[in-house]
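**Student:**
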Amino acid sequence: MEVLWGSALLLAVAVLLCEGMRALSRRKFRPGLALELCMELVCTLQLCCCVRELALLGARGVLHPLLSLCLTYLLTMLHSLTCPAACNPCSSLQLWLRGEAAAKDTALRVGAQLAGAQVSRLVMPLLWSCGLSPLHRNVPGCESPLRIGSLPGAGYEMFCALCLYLLLCNLNRLQPPLRPHLVAALITSLVYTGGHLTGAVFNPALAFSIVFSCEGNTLLEYMFVYWLGPVIGKSSPFLPFHICSKFLLSTDEAMQDPRRAPIYCDLIPWSSSLPSSASSYNVKILVAVFKRML
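Heads up: the sequence shown is residues -20 to -1, 1 to 274, going by mature numbering (1 follows the signal peptide of the UniProt record, and there is no 0).
Spelled out as structure tokens, the structure:
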């Protein structure tokens, strides 16, 4: 019990420090790119610190599997309610691939997320040195969570990222109070089903913080599984439509109204909130594809 209370105190300190930095950033910067970058850095720092502490508890065998899942759910809820940022390079790359963000802004956002992950690797040893828990007095090196081959590992990370993407695209169909619970339930389920295979990270910044320094696999293997896998998973629903729109629909209508060119997640067929213009554009892409096939 002393171990759990010490870890809870450390998590509270980390969250409060990050909340203070978010409040300071809101006072210092006006709404815009600079504030977004600060939020990405601080929120990614909070996410990585919390997950690193949870990973330490799991590696030491302190947590019962059911308690570990409960903590995963609660930490996901906490992150959803306190962090107004993506904290995931895949989401930033999505905006660029869909034409909703400039390449420079995307690079800055990804850089801020990776910077937050790197800062967590420096901050957590300092917090552990405070000795809030007996577990923190001698923190060992970590072992790779990748227990399967690189290809199936990347496949599972891709599957996790795809599931999360599809859920986020359809959250507007739910009442706002239910949305964090559903996201937390999905992430907890993915951790339960695949945590023993890859760790179920599906976030390149988080993987950079908690996995890349672990022994057991090479850097290229980590990049293939934990970077390429999630990027493909989050891009696969809309990228084929985006490619088709570029090569098959060079019409005057699309040129005159650029807002209809990007393919949004609302264009997924099972979404209930299809804009009429977006829906017609989606249909045109499908018609053009079938014409080329015939």
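Backbone N, C-alpha and C define an ideal beta-carbon position, used for all residues, glycine too.
1) Measure the C-alpha to C-alpha separation of Leu17 and Gln26 and round it to an integer number of angstroms.
2) Quick check on Pro45: buried or exposed, where buried means 16 or more other Cβ atoms within 10 Å of its Cβ?
3) For Ala(-9) and Val31, what's the separation of their Cα atoms in angstroms?
4) Given this structure, state the Cα-to-Cα distance separating Leu208 from Leu73, to the nearest angstrom.
5) What's the call for Trp(-16), buried or exposed, on a 16-neighbour Cβ count within 10 Å?
6) Does the distance from the C-beta atom of Asn197 to that of Ser124 stay below 7 Å?
7) Here's the rule I'm using: 16 or more other beta-carbon atoms within 10 Å means buried, otherwise exposed. How should Ala97 be labelled?
8) Alpha carbon to alpha carbon, how far is Cys23 from Cys29?
9) Once DSSP output is grouped into helix, strand and coil, what is the label at Glu137?
10) Report the partner residues of Glu123 according to the DSSP bridge assignment.
11) Between Leu94 and Ala185, how many whole angstroms is the CB-CB distance? I'm expecting something under 8 Å.
12) To the nearest angstrom, how far is the alpha carbon of Thr173 from that of Leu166?
13) Between the Cα of Lys214 and the Cα atoms of Leu51, Leu49, Cys140 and Leu131, which residue gives the shortest distance?
14) So the alpha helix (DSSP H) Thr24 belongs to, where does it begin and stop?
15) What ranges does the alpha helix (DSSP H) occupy inside the stretch 42 to 117, keeping only unbroken runs of at least 4 residues that lie completely in it?
16) Once the 5 residues before and after Arg2 are set aside, which same chain residues still bring their CB inside 7 Å of it?
17) Beta-carbon within less than 7 Å of Phe188's beta-carbon, same chain only, minus the 5 sequence neighbours each way: which residues are those?
18) For the alpha helix (DSSP H) that contains Arg2, what are its first and last residues?
19) Would you report the Cα separation of Asp85 and Leu13, rounded to the nearest angstrom?
20) Just tell me which of Cys194, Leu200 and Leu144 has its CA closest to the CA of Pro210.
**Tutor:** In terms of the structure at hand:
1) 14 Å
2) exposed
3) 13 Å
4) 12 Å
5) exposed
6) yes
7) buried
8) 10 Å
9) helix
10) Glu195
11) 6 Å
12) 11 Å
13) Cys140
14) Leu13 to Ala39
15) 45 to 62, 69 to 77 and 83 to 108
16) Met19 and Val22
17) Leu94 and Ala97
18) Glu(-19) to Lys8
19) 8 Å
20) Leu144
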